[in-house]
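K.L.:
FYI, the numbering for the sequence shown is 246 to 543, going by the working numbering.
Provided herewith is a single structure, encoded as structure tokens, for subsequent inquiry.
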Amino acid sequence: MQKNSIEFELSLKKREIDKNLKTLLSSKDRFAKPLYEAMNYSVSAGGKRIRPAIMLLVGEDLFSAKRHRGLIQAACAVEMIHTYSLIHDDLPAMDNDDFRRGIPTLHKRYDEAVAILAGDALFSYALEIFLKAEGFKDKDKINGLSLLLQSVGTRGMVAGQFVDTKIEMYDRSKKTLSYIHLKKTAALISASFSVTGALFGAKQKTIEGLSALGESAGLLFQIVDDIIDVTQTSKTLGKTAGKDVEQNKLTYVSLYGIDRAQKMASKEAAKAYACADKLNFKTNFVKELLAYFHRRIK
Ligand code: GRG
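Below, the structure is given as structure tokens:
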């Protein structure tokens, strides 16, 4: 791995995030210990740490926030929310997956009650950690938290997951697909960009620019995810491959086919680059991150 490449940068960010998650997710309380163990099982199973890495990259680049304790704490909170969503998504009532991040899913390792409660606990703990993040003005934290919660709840991830899970209640149209992917995946990725701006008290125009960039980046990420679900193996993915076809999911591949999905990924990547050009990034890391998202296809 070349020094200064985005892969190297992501590995540094991942190390920093992993270390802090470990500290945050430890408890001496005898009764809470098994709950923390379950939370840790899924959090420490790995994961690329894309969302927290985005926060650290944007914070360092636009706001000169190298090794900012509060930003690392807020970034860990976002990763906890992401992990909670994966734990719940894997449950039999939803995607019913046995395998995630290369190991058995939490409900397989323990049981469904443990998985539901560990997910709940990760979400509420994440909010506590975010609110306690050091070195930010209270008004900026409230603004950031508000953007984060919009991306997670009825206007974001949960709403997208609802439509995805209960697709029989909707038509299988382009509009439905676009809603699912924007909400289920792109919203939290977009928030990772915009929340960082909000935490540092950026102007509204910058926050909106970050949000637009994040939305395209998130869509790119999801289109690629739909493609690799059919083109890569379970071993490479760390989760069961071919699940979308098996579950008759509405995806870019099922609606448009692989070739068109690939073209749409390129179009979304171009849109994201154009958004990045409008922000005053000092380094090339954000653009390299977009290229990395796109490269996952290969
Ligand atoms: C249960 C409310 C609720 C929401 C679930 C995240 C999610 C919403 C569903 C996951 C289904 C899925 C596989 C979506 C594709 C895009 C995606 C979010 C992939 C997983 O994210 P990565 O690739 O995973 O960043 P790692 O493990 O690297 O963190």
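Even glycine gets a Cβ: it sits at the ideal position worked out from N, Cα and C.
None of the values given here were measured: they were computed from a predicted structure.
Which residues in the same chain as F526 place their Cβ atom closer than 8 Å to its Cβ, once the five residues preceding and following it in sequence are excluded?
P.N.:
Position 281 of the sequence shown, counted from the start, is the residue given in the question as residue 526. Once the five neighbours on either side are set aside, the close Cβ partners of F526 are D306, L307, K532.
K.L.:
Out of C321, N249, K488, which one is the CA nearest neighbour of K293?
P.N.:
Stepping through the sequence shown from its first residue, residue 293 is reached at position 48. Of the candidates C321, N249, K488, the one whose C-alpha sits nearest the C-alpha of K293 is C321.
K.L.:
Applying the criterion that 16 or more other CB atoms from any shown protein chain within 10 Å of the CB defines a buried residue, is T496 buried or exposed?
P.N.:
Here residue 496 refers to the residue found at position 251 of the sequence shown. By the 10 Å Cβ count, T496 comes out buried.
K.L.:
One question on the structure: do S435 and S479 come within less than 8 Å of each other, judged by their Cβ atoms?
P.N.:
Locating residue 435 in the sequence shown gives position 190, counting from the first residue. Locating residue 479 in the sequence shown gives position 234, counting from the first residue. Taking 8 Å as the Cβ cut-off, S435 and S479 do not qualify as a contacting pair.
K.L.:
Taking C-beta to C-beta, are R354 and G291 nearer than 8 Å?
P.N.:
Locating residue 354 in the sequence shown gives position 109, counting from the first residue. Locating residue 291 in the sequence shown gives position 46, counting from the first residue. No, Cβ-Cβ distance for R354 and G291 is not below 8 Å.
K.L.:
How about the region 257-274 and the region 318-335: do they share at least three Cβ pairs that are nearer than 8 Å?
P.N.:
yes
K.L.:
Return the bridge partner residues of Y344 from the DSSP annotation.
P.N.:
Residue mapping note: residue 344 aligns to position 99 of the sequence shown, counting from 1. The question names Tyr, but residue 344 is Phe in the sequence shown. DSSP lists P349 as partners of F344.
K.L.:
Hey, is I295 close to the ligand GRG, as in C-beta under 7 Å from one of its heavy atoms?
P.N.:
One-based indexing of the sequence shown puts residue 295 at position 50. At least one heavy atom of the ligand GRG is nearer than 7 Å to the Cβ of I295, so yes.
K.L.:
M544: beta carbon under 7 Å from a heavy atom of the ligand GRG?
P.N.:
Limits of the chain in this structure are 246 at one end and 543 at the other, which puts residue 544 out of reach.
K.L.:
Could you name the residues of the same chain whose beta carbon sits closer than 6 Å to that of L524, not counting the 5 residues immediately before and after it, in chain order?
P.N.:
For the purposes of this step, residue 524 is taken as the residue at position 279 of the sequence shown. Result list for L524: G454, in chain order.
K.L.:
The ligand GRG and V212: does the residue's C-beta get closer than 7 Å to at least one heavy atom of that ligand?
P.N.:
This structure gives no information on residue 212, because the portion of the chain shown stretches from 246 to 543.
K.L.:
Hey, L458 and A510 are a contact pair by Cβ (cut 8 Å); roughly how many whole angstroms apart?
P.N.:
Mapped onto the sequence shown, residue 458 falls at position 213. Mapped onto the sequence shown, residue 510 falls at position 265. The C-beta distance from L458 to A510 rounds to 16 Å, too long to meet the 8 Å contact threshold.
K.L.:
Output the boundary residues of the alpha helix (DSSP H) element that contains Y281.
P.N.:
The residue given as residue 281 occupies position 36 in the sequence shown. In the DSSP assignment, Y281 falls within the unbroken alpha helix (DSSP H) covering 278-288.
K.L.:
Helix, strand or coil for R400, going by three-state DSSP, please let me know.
P.N.:
What you label residue 400 is simply residue 155 of the sequence shown in a count that begins at 1. Reduced to three states, the DSSP call for R400 is coil.
K.L.:
My guess is that L500 and L427 are in contact by the Cβ rule of under 8 Å, so how many angstroms apart are they, rounded?
P.N.:
As a working mapping, residue 500 is identified with position 255 in the sequence shown. As a working mapping, residue 427 is identified with position 182 in the sequence shown. Taking a contact as a CB-CB distance under 8 Å, the pair L500 and L427 does not count as one, their CB atoms being some 15 Å apart.
K.L.:
Using DSSP with H/G/I as helix, E/B as strand and the rest coil, what is G389?
P.N.:
Against the sequence shown, residue 389 aligns to sequence position 144. G389: helix per DSSP, three-state reduction.
K.L.:
Going straight from the alpha carbon of L482 to that of V475, what length do you get?
P.N.:
The count along the sequence shown starts at 1 and reaches residue 482 at position 237. The count along the sequence shown starts at 1 and reaches residue 475 at position 230. Their Cα atoms are separated by approximately 11 Å.
K.L.:
Which of the three DSSP states is assigned to Y424 in this structure?
P.N.:
The sequence position of residue 424 within the sequence shown is 179, counting from 1. Y424: helix per DSSP, three-state reduction.
K.L.:
So, for V408: in the same chain, excluding its five sequence neighbours on each side, which residues have a beta-carbon less than 7 Å away from its beta-carbon?
P.N.:
The sequence position of residue 408 within the sequence shown is 163, counting from 1. Y415, T421, Y424, I425.
K.L.:
Within a Cβ cutoff of 7 Å, which residues of the same chain sit near I473, ignoring the five residues on either side of it in sequence?
P.N.:
Along the sequence shown, read from residue 1 onward, the residue named residue 473 stands at position 228. Cβ neighbours of I473 beyond the five flanking positions: L482, R541, I542.
K.L.:
Report the CB separation of L465 from F368 in whole angstroms; it is logged as a contact under 8 Å.
P.N.:
Working through the sequence shown from its first residue, we reach residue 465 at position 220. Working through the sequence shown from its first residue, we reach residue 368 at position 123. In fact, because the Cβ distance is near 26 Å, the residues do not count as touching under 8 Å.
K.L.:
Return helix, strand or coil for R314, following the three-state DSSP convention.
P.N.:
Translated into positions along the sequence shown, residue 314 becomes position 69. Note: R314 maps to helix in three-state DSSP.
K.L.:
Over the uninterrupted alpha helix (DSSP H) stretch that includes A536, give me the two end residues.
P.N.:
Within the sequence shown, numbered from 1, the residue matching residue 536 stands at position 291. Segment 530-540, the alpha helix (DSSP H) holding A536.
K.L.:
Cβ of G446 within 8 Å of Cβ of K382?
P.N.:
Counting from 1 along the sequence shown, the entry for residue 446 is found at position 201. Counting from 1 along the sequence shown, the entry for residue 382 is found at position 137. Yes, they are a contact pair.
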